[in-house]
Amino acid sequence: MHRSKVRVATGVLDANDTIARANRADFDRAGVRVVNLMSAPGAGKTALLERVLMDGLGEVRVGVLEGDVQGSLDAERLSALHVPVTQINTDPGFGGECHLDANMVRSALGAIALDEIDLLVIENVGNLVCPAEFRVGEDRRAMISSVTEGEDKPLKYPLMFRACELVVVNKIDLLPHLDFSLERFLANLDQVNPGVEHMLVSARTGEGVDAFARWLADVA
Amino acid sequence: MHELSLSRAILDAAVEHAQGRSVVAVDVTVGALRQVVPRSLSFYFEIVSSGTICEGATLRTHVAPARLRCACGHQWELREPSFRCPRCAGADVTVLSGEELAVDSIEVEELAEESAEEPAQEPPDGARKEERCTAAR
């Protein structure tokens, strides 16, 4: 018996990316644009979507794919707004995945009424590391960073802050009560992802939410 | 945390290329910008490979440094997450290396006809365990 070396030269994420491209092709065929919305847990993904969907996006018909490790609390909140919501739970896997991958989204495709929507917002599992690695077939990637998380987050999670094309800074209504320096946060963001688009919002008061709604409508 | 999913993807690639042969080592390149912890990757790989033809295989992680080039011509190695050019402060910066995440090769045991009856040359268990983590940065 002897040992020999076998060349592999395969990207670790190639298999995921192949499925992501298949998802994207299916979305394209259905004329649906897709946004992958990511953030840490509790940054306000669902609250921001609630606020945006309450007023709607004009002509654009929106659906939501809700990714959670467990439960359907967020999906229930959103379906109260009469928006088609599909739930994916990641817990049947090894202890519950901390992100959505292309295959999970693929397995949910049949449950999404693609012919009834123009824009699908995928609310990823709350996590600032893993979702950044896994493409799911989206057109655009956006993340929410809330001011309660601290101004150092771009420096601590550069992978996520570099993976997205839009950074929504949420909970700005709390700024008077925090030591958070918006200026320092934006400087940190600029270091990690120079020139990335950002907007300041409060899902609670509604301030700035119209800008996010316009961004979503533009994607569609 | 993503090391678990990544270790599964590495296992899938290794198993596919081994074509049934027993795998003794897997060589992986991980870019410094990937936020992958080599020790965690090895730890999870040991778990997910158990019961497969990769069981007991050593995962050798090679870290590719983050190298950037600015439109002004300046090239540098990134030590902290600051993607603006340190010379001209420009943002027109290209990542030359540091985003790799690939299975480069695997080492397998060939069952040659003439030596098919020889016992497998397994290294002592302790030695192999030690080897497993040393490739971490």
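Residue numbers (our numbering), protein chains in the order written: chain A, -12 to 207; chain B, 214 to 350.
Where a beta carbon is used, it is the ideal one built from N, C-alpha and C, also for glycine.
{"Check": "Inside the stretch 240 to 316 of chain B only - beta strand (DSSP E) runs reaching at least 3 residues", "Outcome": "271 to 277, 280 to 283, 288 to 290 and 306 to 310"}
{"Check": "Chain A within 8 Å of Pro299/B, Cβ atoms only", "Outcome": "no"}
{"Check": "Three-state class that DSSP yields for Asp55/A in the structure shown", "Outcome": "strand"}
{"Check": "Three-state class that DSSP yields for Glu327/B in the structure shown", "Outcome": "At Glu327/B, the pLDDT of 49 sits below 50, so the modelled position is not reliable and the matter cannot be decided from this model."}
{"Check": "Own chain, CB closer than 7 Å to Val316/B, minus 5 neighbours either side, in chain order", "Outcome": "Ile223, Ala226, Ala227, Val239 and Val241"}
{"Check": "Backbone CA spacing between Met91/A and Val321/B [nearest angstrom]", "Outcome": "32 Å"}
{"Check": "Test: Arg(-6)/A CB closer than 8 Å to a CB of chain B", "Outcome": "yes"}
{"Check": "CB of Ala190/A within 8 Å of CB of Gly31/A, strictly", "Outcome": "yes"}
{"Check": "Sequence-distant residues of the same chain with beta carbon closer than 8 Å to Arg64/A, five excluded per side", "Outcome": "Thr33 and Glu37"}
{"Check": "Where the stretch -12 to 22 of chain A meets chain B: residues whose CB sits under 9 Å from a CB there", "Outcome": "Met(-12), His(-11), Arg(-10), Ser(-9), Lys(-8), Val(-7), Arg(-6), Val(-5), Ala(-4), Thr(-3), Gly(-2), Val(-1), Leu0, Asp1, Ala2 and Asn3"}
{"Check": "Cα-Cα separation between Pro299/B and Phe148/A, rounded to whole angstroms", "Outcome": "20 Å"}
{"Check": "Rounded separation between Ser133/A and Phe167/A - CA only", "Outcome": "10 Å"}
{"Check": "Length-filtered (4 minimum) alpha helix (DSSP H) runs lying within the stretch 57 to 111 of chain A", "Outcome": "60 to 66 and 89 to 95"}
{"Check": "Cutoff 8 Å: Glu320/B Cβ touching any chain A Cβ", "Outcome": "yes"}
{"Check": "Proximity below 8 Å, CB of Ser354/B to CB of Gln178/A", "Outcome": "Chain B is shown only over 214 to 350; residue 354/B falls outside these bounds and no answer can be derived."}
{"Check": "Beta carbon of Ile104/A nearer than 8 Å to that of Arg48/A", "Outcome": "yes"}
{"Check": "The stretch 111 to 118 of chain A touching the stretch 17 to 30 of chain A, judged by at least three CB pairs closer than 8 Å", "Outcome": "yes"}
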